[in-house]
Amino acid sequence: MCLAATRSATLLKDLVHRRNGEQVLVTGVEQCEENRFNVSVHWPRDHRFYGPCADGGSDPQLVSETMRQAGILVGHVAYDVPKGHSFVMNELSHTVDWEALAPADTRTRLDLEVNCLEVRRRGRTLFGVRGTMVLRREGREVASGTFDYRCMSPGVYRRLRAEARSSEDPALPALPAPVEPVAVGRVRPQDVVIASSGLPGTFLLRAERDHPVLYDHPLDHVPGMAIIEAMRQTAQAVTGLSGAVTARMQTAFSHYVEHDLPCYLTTGTPTRPDGGAVEVPVQVWQRDQEAARGVIPLSPCGDGLELTFLPYPSEQRQPVLQLAGRAV
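Everything in the sequence shown is counted per our numbering, starting at 879 for the first residue and increasing by one.
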């Protein structure tokens, strides 16, 4: 059963909660069987924010954004969630076959299999979905992941946000200066979403609400993809592995992050449990409560352990590992 024929990004953008059609990564969805769907995916050759990486491969964070869009698309098209309803991410994780994605092809076309394992309803209304996704290119699996999200009507969302926000019309403080872009694998300061806090292993979240990708449309809270990017940049900055990629990632969200209150990202001790990626636990804190957490494994691009470490203030780094004869 074809639920949505392949459409242009212009027609699909409302169904993936994007205002700019250039940011739409999915092009259609087809039902394979009950609660299983195939979503067609089209990645741009050179995404404005997600890549390409230093060795020419696709940024694995494209997988996270693709999964986010696919989950919303399936919710609207397959489960009849009306436009205007909100999708709230509880969990999002991915594992990427880096060799299969690098180097990136021009305008990469992929297929994403979406399996909705738990479909939660209140009456006839979709309340949430938990499931898995498998991303394939020409039949070869290149990534997989899990997701869990909730849906809510505009009325429920307004009531929930009214209770959570510190004020109805918050006065936004000036953003702190970003860390050096080179420390987190970025070129433009606008793309840096963390700032120094002055504390070891701890950073401040800085969210520019006019960012063309992270804030594609107005939001009354910091979007989940901005928080995921802040986790990644925190892991890069605290280890000095600015050129590494996140071939695996686990994230969970428990509270909205507000724009008008300080938000801190703290790190645990980086480890290297399997002799491969350096894993950095990251927690996101606001109002003395955990808003999100993640485990961010950093893998080097290219030939394994020959990593390039870029300079970063020593008080922010945790030299607990040795890779290729250098302190991490």
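For each residue, glycine too, the CB sits at the ideal point set by N, CA and C.
Ranked by Cα distance from leucine 1119, the first of Ala948, Gln1111, Thr1144 is Gln1111. Runs of the alpha helix (DSSP H) lying entirely within the stretch 1010 to 1096, each at least 4 residues long, are 1032 to 1042 in chain order. Taken through DSSP and simplified to helix, strand or coil, serine 942 comes out as helix. Here valine 1034 is exposed. Its C-beta has fewer than 16 other C-beta atoms within 10 Å. In the pairwise beta carbon analysis, the stretch 1066 to 1074 is classified as not touching the stretch 1124 to 1132: fewer than three pairs are separated by under 8 angstroms. Under the three-state reduction of DSSP output, leucine 1143 falls in the strand class.
Excluding sequence positions up to five before and after alanine 1104, its CB lies within less than 7 angstroms of the CB of Val1071, Ala1085, Leu1092, all in the same chain and listed in chain order. Under the 8 angstroms Cβ criterion, the stretch 1138 to 1149 counts as touching the stretch 1074 to 1084, having at least three qualifying pairs.
Contact check for tyrosine 1027 and glycine 899: beta-carbon distance about 23 angstroms, past the 8 angstroms limit, so the pair fails to qualify. Within a 10 Å sphere around the beta-carbon of arginine 946 sit 16 or more other beta-carbons, which makes this residue buried. A contact between stretches requires three or more CB pairs, one per stretch, nearer than 8 angstroms, and the stretch 1156 to 1168 fails this requirement with the stretch 970 to 979. Annotated three-state conformation of aspartate 989 is strand, per DSSP. Between the alpha carbons of phenylalanine 1131 and serine 1074 lies a distance of about 23 angstroms.
Distance between glycine 1172 and proline 960, taken at the CA atoms: about 31 angstroms. As for any alpha helix (DSSP H) of minimum length 4 sitting wholly inside the stretch 1102 to 1149, the runs are 1102 to 1117, ordered along the chain.
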